[in-house]
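A.B. asks: One rule links them: number in this note's numbering = place in the sequence shown (from 1) + 7. Where a beta carbon is used, it is the ideal one built from N, C-alpha and C, also for glycine. Take this structure first; my questions come after.
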Amino acid sequence: MRHLRLRTLLCGLLALAWAAPAAAQCTIRIGGVVTDSETKLPLAAATIVLKETGQTVKSDEKGNYHIDGLCPGNYTLHVSHIGCLPVELAWQVSGDERRNIALPHSITQLQEVAVTGHAAKEVTTAAVESLSGRDLDRTRGLNLGEALKRVNGVTAMTTGPNVAKPVINGLHSNRVIILNNGIRQEGQQWGSEHAPEVDPFLANKMVVVKGAGALRYGGDAIGGVVLVEPRALPVKPGLAGEVNLAGFSNNRLGAVSAIIEQQVPAIPGLSWRLQGTLRKGGNTRTPDYWLDNTGVEEYNFSAAAGYKRKNYGLELFYSQFNTNLAVFEGSHIGNSTDLDQVIQQGKPLPEYTEGFSYKIQRPSQHIEHELFKIKAFVNTGNAGKLNLVLARQFNYREELDHNSVLAVNRMALNLTTWSGELLWDHRSWKGLRGTIGASGMYQENSYKHRLFIPNYQLRQYGLFWSEKWESRDNKWLLEGGVRYDNKAYSNISDNPGNLHFPGSDNSSFSGSLGAQFRITDNFHASLNAARAWRAPGVNELYAHGLHHGTAIMEQGDPNLLPEAANKFNLALHYDLGEKLEADVNLYYNRFSNFIFLQPTDSNVVSARGSFPWMYYRQADATTKGFDAQLRYRFLPKWQLTTKASVLRAWNESINDWLINMPSDRFEHELSFFPGNLKGLKENYIALSLQNVTKQTRIPVDPANPKDPSGQDRIPPPDAYNLVSLEAGSTVHFGRQPLSVIIGASNLLNTRYRDYMNLFRYYADEPGTNVYLKLKLPLQFGKKS
8 MRHLRLRTLL CGLLALAWAA PAAAQCTIRI GGVVTDSETK LPLAAATIVL
58 KETGQTVKSD EKGNYHIDGL CPGNYTLHVS HIGCLPVELA WQVSGDERRN
108 IALPHSITQL QEVAVTGHAA KEVTTAAVES LSGRDLDRTR GLNLGEALKR
158 VNGVTAMTTG PNVAKPVING LHSNRVIILN NGIRQEGQQW GSEHAPEVDP
208 FLANKMVVVK GAGALRYGGD AIGGVVLVEP RALPVKPGLA GEVNLAGFSN
258 NRLGAVSAII EQQVPAIPGL SWRLQGTLRK GGNTRTPDYW LDNTGVEEYN
308 FSAAAGYKRK NYGLELFYSQ FNTNLAVFEG SHIGNSTDLD QVIQQGKPLP
358 EYTEGFSYKI QRPSQHIEHE LFKIKAFVNT GNAGKLNLVL ARQFNYREEL
408 DHNSVLAVNR MALNLTTWSG ELLWDHRSWK GLRGTIGASG MYQENSYKHR
458 LFIPNYQLRQ YGLFWSEKWE SRDNKWLLEG GVRYDNKAYS NISDNPGNLH
508 FPGSDNSSFS GSLGAQFRIT DNFHASLNAA RAWRAPGVNE LYAHGLHHGT
558 AIMEQGDPNL LPEAANKFNL ALHYDLGEKL EADVNLYYNR FSNFIFLQPT
608 DSNVVSARGS FPWMYYRQAD ATTKGFDAQL RYRFLPKWQL TTKASVLRAW
658 NESINDWLIN MPSDRFEHEL SFFPGNLKGL KENYIALSLQ NVTKQTRIPV
708 DPANPKDPSG QDRIPPPDAY NLVSLEAGST VHFGRQPLSV IIGASNLLNT
758 RYRDYMNLFR YYADEPGTNV YLKLKLPLQF GKKS
């Protein structure tokens, strides 16, 4: 095993190439409308005070307010008006956001606002959804891919019970950028199986930017962007922390995560944080049998420190993610006869379903990921802020094949990434606020033993410029951007020198333009259009051999051309606060040279076993569909939430459906809020039903048009319905709160398989899973 080690940052400065641009530092605007909670009419001359900065503004005659020039961080908003009770709102600001505030006239109404206050909305023309607060707490203990499935329009590409990566409107892997604490995640996430090495417990908020509006984060963000945002370092003196515990019955998984942080009282502006997570689970059980060798072990930690003054600041961040993953034995089958038998009988061989164990055996994987980041900013007078971000990532992956200690039956990969970006955020000039910057990345990969991804070097760089304009009455929002990117692979080789891999060098321009019109205070429409492109990934170009986790023999194509996409999004949002909220996002994407993995009916037999063979190809394609969500509080204590995600993907080159796309999904949740009981607050009970339809839109096999499997090895699995039940509360022991969530997924122990799980060939999905989650916030010493 190769241990992670931190190298000098100076080496990385010699190798600038490309990294996704970070969000603006200190040009953020927040705003909204102040209304009377009884009459619903706007309140003019309401006073809004941002306590941390002392900024004070008053609402205009239509109740509008806004505060400019903010940096990302935690703020407290104090809102008051003659004749109304004042309200204080905690607000974690990460970008332009809008929040409407209703001032109450009675103590009863004030308490209701404190419990159910409406969340802030991103101010952007893109389709953006986020998880924070209670919604995020409900995902604790899950991996990143599974947690993001709570966002409408996001599914997961899974490989067995432990590996999941986000799929946004049918697009995943290299088309979805993940920003971990502002840094583009660069691990060995090639293809559909290598999940992102990110600890979700570190996040205080997860943001999903869909489609064209994600262009500002990178020219290759064709599918979208996932932002995993930790809480801002504390700005108030005092020592605080939090402990999270989670337990799951199905695979007897337990997780514990703790965080402690402080703003040092003796040194104003200096803050620090420490965080760590342990996670361990054993074999998973389906409704009818165990899945042998499906355990997981995970141990992560991070440290952050920052020093911030009015005109300059510096922040350091370091994290490690470490995991041991067992790979289901029943997917690594010794011969073609047994492989065909498993596929035909729809159940693993008996020797792979024997019982529960925490033991991790071959086949298995060990993954380590290290991130070190330096971020600094300096005030450039009244014009704006200059920001510098430097980062180094190191990723180590070891894959061990079944029942052998021979070198040919293991693989070790080392990936080192240096990245940097220099950004200038300018403040409002004739109503325009924006960012100009350059970014770069250098990456080097090497492997030992068995070949899958060859040795290579990657250089990438980009230049970009984005602007945003918002009218003073908040009716219109316009934003756009343009960028140029170059991506080049070189020095590509296998260790014996037997194979020839040609280099690849691609560059192009990308651009986006969006507009939002606020038709009323409660209803707005956004239209966004973009031209994006993506150079082929290293796996798509050069994969050669066994993709260990998916148990598939993959073959890349070094002659693949870059993808280009014309993308259009129309988003409609209607909001009546706690009473009603509705969102619809319609999208249409036209791709040239869309790259995908083509299944075949061929097997490759080797010393490691018998595996299906697939290869990368490309075609012109279109994807279109919509995501819709409705939240309706039809009675004071009852709420109905309905979500729908519909996708149609067409392969224009063969005039047939595009393979491996999610089927239609619907989810309904009925929630009951009994109100505060003795010693219990923030109580809820939620019953949910998820309906996933059968994927009938698959490409036909030209050699056998009547085969229900189409171009795949087996037909798509049947539709399924899952019932889940959950309850939550906050228990108070004096001044100490304890948040409790208890629930059960797949409550009826339904037997099913999911089309987006690459192990659907071998086994069913997990059965009933009962869970308990606890969150204990800690405050040490006197409260500030």
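DSSP three-state call for Asp295: helix, strand or coil?
C.D. replies: Here residue 295 refers to the residue found at position 288 of the sequence shown. Correct three-state label for Asp295: coil.
A.B. asks: What is the rounded straight-line gap between the Cα of Thr629 and the Cα of Pro355?
C.D. replies: Within the sequence shown, residue 629 is the residue found at index 622, counting from 1. Within the sequence shown, residue 355 is the residue found at index 348, counting from 1. Using only the alpha carbons, I get a separation of about 36 angstroms.
A.B. asks: With a Cβ-Cβ cutoff of 7 angstroms, do Lys494 and Asn513 count as a contact?
C.D. replies: Locating residue 494 in the sequence shown gives position 487, where the first residue counts as 1. Locating residue 513 in the sequence shown gives position 506, where the first residue counts as 1. Yes, they are a contact pair.
A.B. asks: Going by alpha carbons, who is nearest to Asn107 out of Ala390, Gly90, Val216, Leu84?
C.D. replies: Locating residue 107 in the sequence shown gives position 100, counting from the first residue. Nearest of Ala390, Gly90, Val216, Leu84 to Asn107, Cα basis: Leu84.
A.B. asks: Helix, strand or coil for Tyr549, going by three-state DSSP, please let me know.
C.D. replies: If you number the sequence shown from 1, residue 549 lands on position 542. Tyr549 falls in the helix class under three-state DSSP.
A.B. asks: How would you label Val334, buried or exposed, when you count the other beta carbons within 10 angstroms and need 16 or more for buried?
C.D. replies: Counting from 1 along the sequence shown, the entry for residue 334 is found at position 327. Its Cβ being crowded by 16 or more others within 10 Å, Val334 is buried.
A.B. asks: Consult DSSP for Glu68 and reduce its assignment to one of helix, strand or coil.
C.D. replies: Locating residue 68 in the sequence shown gives position 61, where the first residue counts as 1. Correct three-state label for Glu68: coil.
A.B. asks: Write down the C-beta distance between Asn257 and Arg292 rounded to the nearest angstrom, noting that I regard them as a contact closer than 8 angstroms.
C.D. replies: In the sequence shown, residue 257 corresponds to position 250, counting from 1. In the sequence shown, residue 292 corresponds to position 285, counting from 1. Right, their Cβ atoms sit about 6 angstroms apart.
A.B. asks: Check Gly230 in the structure and name its three-state DSSP category.
C.D. replies: The count along the sequence shown starts at 1 and reaches residue 230 at position 223. Coil at Gly230, not helix or strand.
A.B. asks: Go to Glu3, then tell me how far its beta strand (DSSP E) extends in each direction, as first and last residue.
C.D. replies: In this structure the chain extends from 8 to 791, so residue 3 is not present and cannot be described.
A.B. asks: Taking the Cβ atom as the reference point for each residue, do Tyr623 and Glu547 lie within a distance shorter than 7 angstroms?
C.D. replies: Numbered from its first residue, the sequence shown carries residue 623 at position 616. Numbered from its first residue, the sequence shown carries residue 547 at position 540. Yes, Cβ-Cβ distance for Tyr623 and Glu547 is below 7 angstroms.
A.B. asks: Within the chosen definition, does the stretch 227–240 reach the stretch 66–83 through at least 3 CB pairs nearer than 8 angstroms?
C.D. replies: The stretch 227–240, when compared against the stretch 66–83, does touch it at the 8 angstroms Cβ threshold.
A.B. asks: How many angstroms separate the CA atom of Glu663 from the CA atom of Gly521?
C.D. replies: Position 656 of the sequence shown, counted from the start, is the residue given in the question as residue 663. Position 514 of the sequence shown, counted from the start, is the residue given in the question as residue 521. What sits at residue 663 in the sequence shown is Asp, not Glu. The alpha-carbon atoms of Asp663 and Gly521 are separated by roughly 32 angstroms.
A.B. asks: Please classify Lys217: does DSSP put it in a helix, a strand, or coil?
C.D. replies: Counting from one through the sequence shown, the residue named residue 217 turns up at place 210. Three-state result, Lys217: strand.
A.B. asks: Alpha carbon to alpha carbon, how far is Val235 from Asn188? Give it in angstroms, no decimals.
C.D. replies: As a working note, residue 188 is residue 181 in the sequence shown. As a working note, residue 235 is residue 228 in the sequence shown. Cα to Cα, the separation comes out at about 6 angstroms.
A.B. asks: Where do the ends of the alpha helix (DSSP H) carrying Leu143 lie?
C.D. replies: Taking the sequence shown and counting its residues from 1, one reaches residue 143 at position 136. First-last of the alpha helix (DSSP H) with Leu143: 140–144.
A.B. asks: Do you know how far the Cα of Gln523 is from the Cα of Leu484?
C.D. replies: Translated into positions along the sequence shown, residue 484 becomes position 477. Translated into positions along the sequence shown, residue 523 becomes position 516. Each residue's Cα considered, the two are about 5 angstroms apart.
A.B. asks: Nearest CA to the CA of Pro543: which residue from Arg597, Phe575, Gln467, Tyr594?
C.D. replies: Working through the sequence shown from its first residue, we reach residue 543 at position 536. The candidate whose alpha carbon is nearest that of Pro543 is Gln467.
A.B. asks: Grab the span of the alpha helix (DSSP H) containing Gly152 for me, first residue to last.
C.D. replies: On the sequence shown, residue 152 is found 145 positions in, with the first residue counted as 1. From DSSP, the alpha helix (DSSP H) with Gly152 extends over 151–154.
A.B. asks: Which of the three DSSP states, helix, strand or coil, is assigned to Ser180?
C.D. replies: Taking the first residue of the sequence shown as 1, we reach residue 180 at position 173. Helix.
A.B. asks: Please state whether the Cβ-Cβ distance between Ala53 and Ser44 is less than 7 angstroms.
C.D. replies: Taking the sequence shown and counting its residues from 1, the one referred to as residue 53 is at position 46. Taking the sequence shown and counting its residues from 1, the one referred to as residue 44 is at position 37. No. Outside cutoff.
A.B. asks: Indicate whether Leu567 and Gln625 have their beta-carbon atoms separated by less than 7 angstroms.
C.D. replies: Position 560 of the sequence shown, counted from the first residue, corresponds to residue 567. Position 618 of the sequence shown, counted from the first residue, corresponds to residue 625. Yes; because the gap between Cβ atoms is below 7 angstroms, this pair is in contact.
A.B. asks: Tell me the residue span of the beta strand (DSSP E) that contains Glu268.
C.D. replies: Indexing the sequence shown from 1 puts residue 268 at position 261. Run containing Glu268: 260–270, per the beta strand (DSSP E) assignment.
A.B. asks: Buried or exposed: which applies to His507, given that a residue is buried once 16 or more other Cβ atoms fall within 10 Å of its Cβ?
C.D. replies: To locate residue 507, count along the sequence shown from 1; it is residue 500. Exposed, because fewer than 16 other Cβ atoms sit within 10 Å of the Cβ of His507.
A.B. asks: Is it buried or exposed, Asn176, if we count other Cβ atoms within 10 angstroms and call 16 or more buried?
C.D. replies: Locating residue 176 in the sequence shown gives position 169, counting from the first residue. Buried: at least 16 other Cβ atoms inside 10 Å.
A.B. asks: Determine whether the beta carbon atoms of Ala572 and Phe598 lie at a separation below 7 angstroms.
C.D. replies: Here residue 572 refers to the residue found at position 565 when the sequence shown is read from its first residue. Here residue 598 refers to the residue found at position 591 when the sequence shown is read from its first residue. Going by C-beta atoms, Ala572 is nearer than 7 angstroms to Phe598.
A.B. asks: Are at least three pairs of beta-carbons, each pair with one atom in the stretch 709–716 and one in the stretch 682–696, less than 8 angstroms apart?
C.D. replies: Short answer: they don't touch.
A.B. asks: If you reduce the DSSP assignment to three classes, tell me which class Val707 lands in.
C.D. replies: On the sequence shown, residue 707 is found 700 positions in, with the first residue counted as 1. Coil, per DSSP.
A.B. asks: In chain order, which continuous runs of the alpha helix (DSSP H) of length 4 or greater are located wholly inside the stretch 305–356?
C.D. replies: Counting only runs of 4 or more, we get 343–352.
A.B. asks: Kindly indicate which residue of Arg36, Gly90, Leu765 has the alpha-carbon position closest to the one of Val64.
C.D. replies: The residue you call residue 64 lines up with position 57 of the sequence shown. With distances taken between Cα atoms, Val64 lies closest to Arg36.
A.B. asks: Count the other C-beta atoms from every protein chain shown that fall within 10 angstroms of the C-beta of Gly427, then say buried if there are 16 or more, exposed otherwise.
C.D. replies: What you label residue 427 is simply residue 420 of the sequence shown in a count that begins at 1. The residue in question, Gly427, is buried, as its Cβ has 16 or more Cβ neighbours within 10 Å.
A.B. asks: If we call anything under 7 angstroms between Cβ atoms a contact, is Arg147 one with Asn251?
C.D. replies: Locating residue 147 in the sequence shown gives position 140, counting from the first residue. Locating residue 251 in the sequence shown gives position 244, counting from the first residue. Against a cut-off of 7 angstroms, the Cβ pair of Asn251 and Arg147 comes out as a contact.
A.B. asks: For Glu68, does the count of other Cβ atoms within 10 angstroms reach 16, so buried, or fall short, so exposed?
C.D. replies: Residue numbering aside, residue 68 sits at position 61 when the sequence shown is read from its first letter. Result: exposed.
A.B. asks: Tell me whether Glu236 sits in a helix, a strand or coil according to DSSP, three-state version.
C.D. replies: Within the sequence shown, the letter at position 229 stands for residue 236. Note: Glu236 maps to strand in three-state DSSP.
A.B. asks: What are the residues that DSSP puts in a beta bridge with Glu486?
C.D. replies: Sequence index remark: in the sequence shown, residue 486 carries index 479 (1-based). Its beta-bridge partners are Lys475, Gly521.
A.B. asks: Indicate whether the contact test is met: 3 or more Cβ pairs, each with one atom in the stretch 757–765 and one in the stretch 717–731, closer than 8 angstroms.
C.D. replies: Touching, yes, given that three or more Cβ pairs across the two stretches are closer than 8 angstroms.
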